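In our numbering, the protein residues as written are 28 to 987.
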Amino acid sequence: MTTASDPAYPAHWEADVVLRDGGTARIRPITTEDAERLVSFYELVSDESKYYRFFAPYPRLSAKDVHRFTHHDYVDRVGLAATVGGEFIATVRYDRINAQGRPASAPADEAEVAFLVQDAHQGRGVASTLLEHIAEVARERGIRRFAAEVLPANSKMIKVFTDAGYQQKRSFEDGSVHLTLDLEPTAESLAVQRAREHRAEARSVQRLLSPRSVAVVGAGRAPGGVGRAVLRNVLDAGFTGRTYAVNKALGPGTHEIEGVPAHASVGAIGEPVDLAILAVPAERVPEAVADCGEHGVQSLVVLSADYAESGESGRERQRALVRQARSYGMRLIGPNAFGVINTAAGVRLNASLAPEAPPAGRIGLFTQSGAIGIALLSGLYRRGAGLSTFISAGNRADLSGNDFLQYWHEDPDTDVVLLYLESIGNPRKFTRLARRTAAAKPVVVVKGGRHSGTTPPGHAVPVTKVPDATVSALLRQAGVILVGTVTELVDAGLLLAGQPLPAGPRVAILGNSESLGLLTYDACLTEGLRPLRPLDLTTGATPADFRAALAAALADDACDAVVVTAIPWVGESGALESGDGQVLADALREAASAAPAKPVAVVHVEIGGLAEALAAATRTVRQNPAPPTPANPAPPALAEHGPGRSPGTPTGGRPQDDLPPPREATPPREASRIPAYPAAERAVRALAEAVRYARWRREAAEPGRAGEYDDIDEPGAAALIDRILGPAPDARGTTLSAEDAGELLGRYGIPLRPTLPAPDPERAAEAAARLGYPVALKTTAPHLRHRPDLGGVRLDLADEHQLARAYAELTAALGKPEELGPVVQAMVPRGVDTVVRASIDSAVGAVLSFGLAGAASELLGDTAHRLIPATDRDARELLRSIRTAPLLFGWRGSAPVDTAALEELLLRVSRLVDDHPEVVAVGLEPVIVAPRGLSVLGATVRLAPAPPRTDLGPRRLPSY
């Protein structure tokens, strides 16, 4: 017998999942304690579904059936159930079989699989999700294929198998369809899985942000308090759905608070409630969640505090909250949240503590801090920017930035995504989603707590050993616009939301202040832009002069963007005239409207009302075209609506299709909003981010190629790794000897220069004679290794006499030979010393790193990083993205080195780590790159059992 408390129970198979309609379910192994649940579940299944499952009328389960379906060994016989509210909604089981289809044990590697889904939950993607999980279980138990018999009329189940993306065979035998699925994941199965994940998670956010009814739980009867404030904000925003107040202290019947129906519980409302906002003390939240879950609430916003931010007891309370909400199929924002806002005309929801909802716009804003959220809302409002949606997630125990990236990727109302993050719970997934979203619209991120080395209170995230600088580099590789401050986040967001992407780095500068123009010119050079000579219109320039100059600059093919600088101009009387800014704003907008393909930014000093006037738009265009290029036309624009946005058939008052009914879209962006900045540096920095992002978009449209080399011996490397690790590898890993490291690298075409030990002068001379003069004498002591500046290296020793003298000097200055570990190497052609590293982190994935060797580069952190597998484009960018890159390309008259050979080395290391996940770390140092060829003088390789790839497994929500 196996129960959930039995040590043999495979608890790691349990998982919370998001279904196609955005609701959640829990998947877990079936145990002997589930007999009553199984019987109750079966009674709710229609006769037709029972017939499809058993190929005959089967009105009820016998006691023998119940025993068979609840008793498993979790090896040859496995059953999983999907549950909501603790009750079964679907089951799947497999039984291992032999070639004749009879019950078998290992080494038989095939199993028969069968599903049963309650009719009320069919169409929610339950069977597809269960197939992912039962396939993962089967692979863990050594099963490689599934066989299934399906009646031809059971088209839904046939589609579950055929759409999964696995390699399969299908035949028609004895009146049924016989399906065989190869369970090895394929590129197609992974793509199918991620597409389903995207639809489900986007739908869960859609349900949260577009409810048709809202209940504020904890709305006080007297004015004041959080609940009453949120209720007031919901009403003041003009929410288009039904609104209810819930207060436990109310008596039976219907009451009123703020003019809306008020009840003692959600259950007493008697109508469907899509979203509940919980503003009650933490000790009362479980009761409120149960009330919501038992009466069909879909989503929660938990404003209540005193959770993980308050210590370990609060952390456990937070875990319990997430478990409880998910058990009812609900997703939640919070706890300790500030709330959510949706400005869409068909919704107009302000379920937050912000007293005034921002105007409708094209920016989606996510923040993990309520205080930062308030600051961002205020800053955007002051500068005339509107939002499509706003989310302040608090402790983000459930819904996180990843979920909202899924939603914003296809949201037609959002053109720019802004995120303030204090932690990234799943960097590998975030990078993947950010790359996909950034290919369609800008994603701007500011990350707090980069240097604190700690997780913010309340945030439960997996531990990663990767430095923040590495994570930042990987985010930039994914197309994320990473900025340093909240001010820069707003600055970049305003320009990206209001202006087209620039086609290149050439910037025209014009204005009525020579000094301000020079400051702008210098700022452009600092940011790597190519400014043209500033055009000084003189202080006597009028708005008409500005209009003419801007029109001319925008018409000039020699520039890609324009920065206008403005100070109060001199009037006819000779006095400064700042005006209200409206006249100048009108003139600039008129000129900009004639050339809508180039961005314009304004730097102004003491011109009253100019920023506000520029923020007021007069025309509309479609946002987010692909970045233009001088030589190539822009690719077709993205579709207004993503796949599957057609409305479904309501069931019980709720849509049951992939995505909800289409809401009334916010009008297209008002493109004449010209961003204004009080300082040249801020305007240019925002413009530079737009230039770099546009370049990334163009390059991402043509992805590079992974390294393919005929001399790579992948099977030989795999055999060597298996031999070294052995049948029972140490989970802590092992560092290879120099001989084994050289052999493994050699299998991938990476020759390692031989190194011979020199424990005494005589052995040093023998080693030099074997290698051939000239030679180098080095120490291998850890404190001296790779530190030639400390005197542990002697180069160009031409004969035995020089070698003996160098040996004596080395030991006299630094210590005894047994302490120094001297070695001898043959000299190689002179060049630039570099370092190539690769490592695997469970949270981030495999990372390839490059930099120059030496203390100076380490001290400055001048290292570039890319995710593995790297492409030829990644390799080129690695070399060119470090600050010391000029040394590779002939700095100050030196000979350029063989960068092609270096790029090839990077690709070979990437292939080694990608092909063999047991290779958890590689360090090549130094790699001396000469004008022709390169030499790898030192190598360190670590092996360990392959770490789990959470991004390749079945879909599951994180549980920390």
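Where a beta carbon is used, it is the ideal one built from N, C-alpha and C, also for glycine. Small disclaimer: the values here were computed from a predicted structure and weren't measured.
**Study point:** Coil, strand or helix - GLY760 by DSSP
**Key:** Note: GLY760 maps to coil in three-state DSSP.
**Study point:** HIS631 (DSSP reduced to helix, strand or coil)
**Key:** Strand, per DSSP.
Practice item. State the Cα-Cα distance for the pair THR110 and SER331, rounded to the nearest angstrom. Key: 27 Å
Check your understanding: Leaving out the 5 sequence neighbours to the left and right, which residues in its chain are closer than 6 Å to ALA229 when beta-carbon positions are compared?
Key -> GLN433 and TYR434
Practice item. Can you give me the Cβ contacts of GLU904 inside the same chain, cut-off strictly under 6 Å, excluding the 5 residues immediately before and after it? Key: Taken in chain order, the list of residues that qualify is empty.
Point to revise | alpha helix (DSSP H) runs wholly inside the region 515-592, at least 4 long, in chain order | key: For secondary structure counted as the alpha helix (DSSP H) over 4 or more consecutive residues, the region 515-592 holds these complete runs in sequence order: 541-553 and 570-582.
Check your understanding: In chain order, what residues of the same chain have a beta carbon less than 8 Å from the beta carbon of GLY776, not counting five sequence neighbours either side?
Key -> TYR736, ASP738, ILE739 and ARG935
Exercise for review: Could you tell me how far apart the beta carbons of GLY531 and ASP587 are, in whole angstroms, since I believe they sit closer than 8 Å?
Suggested key: Sure, about 4 Å apart at Cβ, within 8 Å.
Review point. Using the beta-carbon count (16 or more within 10 Å), is GLU215 buried or exposed?
Key: exposed
Point to revise | Run of the alpha helix (DSSP H) containing ILE451, from where it starts to where it stops | key: Neither: ILE451 is in no alpha helix (DSSP H) and is coded neither H nor E.
Exercise for review: For the region 253-286, list the alpha helix (DSSP H) runs that are entirely contained and at least 4 residues long, ordered along the chain.
Suggested key: 253-263
Exercise for review: Counting only the same chain and skipping the five closest in sequence on each side, list residues whose C-beta sits under 7 Å from that of SER198.
Suggested key: HIS205
Check your understanding: To the nearest angstrom, how far is it from the Cα of PRO730 to the Cα of ALA466?
Key -> Rounded to the nearest angstrom, the two C-alpha atoms are 12 Å apart.
Point to revise | Cβ neighbours of GLY743 in the same chain (closer than 8 Å, five flanking residues each side left out) | key: Closer than 8 Å at the Cβ level, and outside the excluded window around GLY743, lie ARG774.
Check your understanding: Nearest-angstrom Cα distance between ALA108 and TYR447?
Key -> Whole-angstrom Cα-Cα distance: 38 Å.
Review point. What does DSSP give as the partner residues of GLY366 in its beta bridges?
Key: For GLY366, which the question treats as bridged, DSSP gives the partners SER379 and SER419.
Check your understanding: Is the distance from the Cβ of ALA347 to the Cβ of THR370 below 8 Å?
Key -> Their beta carbons are not under 8 Å apart, which means ALA347 does not touch THR370 by this criterion.
Practice item. Give me the Cα-Cα distance between THR156 and ARG120, rounded to the nearest whole angstrom. Key: 13 Å
Point to revise | Three-state secondary structure assigned by DSSP to SER374 | key: The amino acid occupying residue 374 in the given sequence is Val; Ser does not appear at that position. Three-state result, VAL374: coil.
Exercise for review: Could you give the DSSP three-state label for THR441: helix, strand or coil?
Suggested key: Three-state DSSP puts THR441 in coil, outside helix and strand.
Review point. Taking just the CA atoms, how far does ILE508 sit from ARG759?
Key: 37 Å
Review point. Could you give the C-beta distance for THR547 and VAL711, rounded to a whole number, given that I count them as a contact under 8 Å?
Key: 6 Å
Review point. Going by the beta-carbon positions, is the gap between LEU564 and PRO702 smaller than 8 Å?
Key: no
Practice item. Could you work out which residue in PRO809, ARG814, PRO856 and ARG797 is closest to GLU827 when comparing CA atoms only? Key: Ranking PRO809, ARG814, PRO856 and ARG797 by Cα distance to GLU827 puts ARG797 first.
Practice item. Just tell me which of SER884, PRO37 and PHE115 has its CA closest to the CA of GLU63. Key: For the residues SER884, PRO37 and PHE115, the minimum Cα distance to GLU63 belongs to PHE115.
Check your understanding: With distances taken from CA atoms, which of ALA461, PHE916, ALA792 and LEU841 is nearest ARG724?
Key -> ALA461
Review point. Is HIS39 buried or exposed, if buried means 16 or more other CB atoms sit within 10 Å of its CB?
Key: exposed
Point to revise | Cβ neighbour criterion (16 or more within 10 Å) applied to HIS810 | key: exposed
Point to revise | Inter-residue spacing [alpha-carbon to alpha-carbon] between THR267 and ARG80 | key: 44 Å
Check your understanding: For ALA612, which of helix, strand or coil comes out of DSSP?
Key -> helix
Exercise for review: Out of VAL312, VAL590, LEU772 and ALA706, state which residue places its alpha-carbon closest to the alpha-carbon of VAL349.
Suggested key: The candidate whose alpha carbon is nearest that of VAL349 is VAL312.
Check your understanding: Based on Cα-Cα distance, which residue from GLN526, CYS551, GLY247 and GLY356 lies nearest to ALA619?
Key -> GLN526
Review point. Taking C-alpha atoms, which residue in ALA576, ARG410 and ALA745 lies nearest to GLY636?
Key: ARG410
Point to revise | Inside the region 824-879 only - beta strand (DSSP E) runs reaching at least 3 residues | key: Listed in chain order, the complete beta strand (DSSP E) runs (minimum 3 residues) inside the region 824-879 are 850-853, 859-868 and 872-879.
Check your understanding: For ARG935, which three-state DSSP category applies?
Key -> helix
**Study point:** C-beta atoms of VAL590 and LEU559 nearer than 8 Å
**Key:** no
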